[in-house]
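A.B. asks:
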Amino acid sequence: MIFYEWLILVGLFLVTFIFFILIVGIIKKQATIDWLEKIEAKQRKKINLSNSIQAWLIKVEQNSIVPKFLRITPIYILSASLLSVGLFIFGFFYLNNLPAAILLFIVGLAFPQQMIIRKDLIRQEKILEQLGTAVRIFAAEYADTPQTFRAISNTADRLQEPMAGIFLKAKKDFLAGLAVDDVMLGMYTSLKTEYGKMFVQLLRLSAEDEATKPLFLKLAMRISSQQDLIRRNRKEVTADRIVSALINGMIIPTFLIINYIVPEAFQFFTHTSLGKGIVVISIVSIMSGMILDIFATRGVTYE
11 MIFYEWLILV GLFLVTFIFF ILIVGIIKKQ ATIDWLEKIE AKQRKKINLS
61 NSIQAWLIKV EQNSIVPKFL RITPIYILSA SLLSVGLFIF GFFYLNNLPA
111 AILLFIVGLA FPQQMIIRKD LIRQEKILEQ LGTAVRIFAA EYADTPQTFR
161 AISNTADRLQ EPMAGIFLKA KKDFLAGLAV DDVMLGMYTS LKTEYGKMFV
211 QLLRLSAEDE ATKPLFLKLA MRISSQQDLI RRNRKEVTAD RIVSALINGM
261 IIPTFLIINY IVPEAFQFFT HTSLGKGIVV ISIVSIMSGM ILDIFATRGV
311 TYE
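If you're matching positions, the sequence shown starts at 11 in our numbering and goes up one per residue.
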């Protein structure tokens, strides 16, 4: 390959890389700004809470400073390593395209992360579906015996997974002698939706103030009234995501079909600068769709 062809391909890769960095930087910066605005709004409010409640709220905020956009697990490391290396080899040797190989390597890192986040989203959707029932059951138990631990314990026995697992863990933590603040912080981390966070905040208040009894029923009614809207919005987001995935997923099959029907196309895509540029742009489209889907999914799950 002559010098100017390499120069064009390297230029395309640099433009793609800069575009990717800008997307990540803008979204993470906006997430941090949103968090700081929430903290400032809470600090401006003059709420008459006990010192222990205020200390717990500060601890909660310290544990949710910036959303975690990456989920690093052993399964992710193994799958991402195999997939990214395999795609890099495919791009470098089969496509004869170093920038495309590098981009495919990034796709190999992003795809397993996307699947992990999607699995977490499904779990959070189930939790949201069960949250209204959990709040009503807890409200009934707490009304009978205004003891937060006993009400959580009784509620755990009447729920289904995954909500039952969250309550059972809180029950075990109480039995193990963990402090109330630490137990509630664990539940707060597991119930990542806004209504879930509101519920845990009421749980923490109920440990010190029985006046929270009517608030649980009000929260349950509010959740029930919003669930239809939440389901409808979720269906719309899911439909848009499926369409986007189908469009991106058709790029590689289309490439293979064209090469099969027109044998000269493979020579064009793998040995000319224009063809390699088209391949790079196609991979950029796939990669951008995956990255934006990851950030959009995180927003649906945790905000």
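In this text, a Cβ means the ideal position worked out from N, Cα and C, and glycines have one as well.
Around the C-beta of T155, are 16 or more other C-beta atoms found within 10 angstroms, so that it is buried, or is it exposed?
C.D. replies: Answer is exposed; the Cβ neighbour count stays below 16.
A.B. asks: Run through DSSP, which three-state label would P156 get?
C.D. replies: It is coil, neither helix nor strand.
A.B. asks: Let me know the secondary structure DSSP gives M297 once reduced to three states.
C.D. replies: DSSP places M297 in helix when its eight states are reduced to three.
A.B. asks: Fully enclosed by the segment 181-209, which alpha helix (DSSP H) runs are 4 residues long or longer?
C.D. replies: Here the runs fully enclosed are 190-200.
A.B. asks: Going by alpha carbons, who is nearest to K136 out of I162, S200, L227, G187?
C.D. replies: It is S200.
A.B. asks: Can A275 be considered in contact with the ligand ADP, in the sense that its beta carbon sits closer than 7 Å to one or more heavy atoms?
C.D. replies: Ligands are entirely absent from the displayed structure, and the ligand ADP is therefore not among its contents.
A.B. asks: Whose CA, out of D130, S295, Y152, A174, lies closest to the CA of Q140?
C.D. replies: When only C-alpha atoms are compared, the closest one is A174.
A.B. asks: Short of 7 Å in beta carbon distance, which residues of its chain neighbour L114, apart from the five on each side in sequence? Order them along the chain.
C.D. replies: Contacts found: L97, F98, F100, G101, I293.
A.B. asks: Using only the alpha-carbon positions, how far apart do V190 and R160 sit?
C.D. replies: Roughly 13 Å between the two C-alpha positions.
A.B. asks: What number of angstroms, rounded off, separates the C-alpha of R241 from the C-alpha of F279?
C.D. replies: Answer to the nearest angstrom: the Cα atoms are 44 Å apart.
A.B. asks: Closest to I261 by C-alpha separation, out of T165, L239, I288, T282, would be which residue?
C.D. replies: If we check each option's Cα against that of I261, I288 comes out closest.
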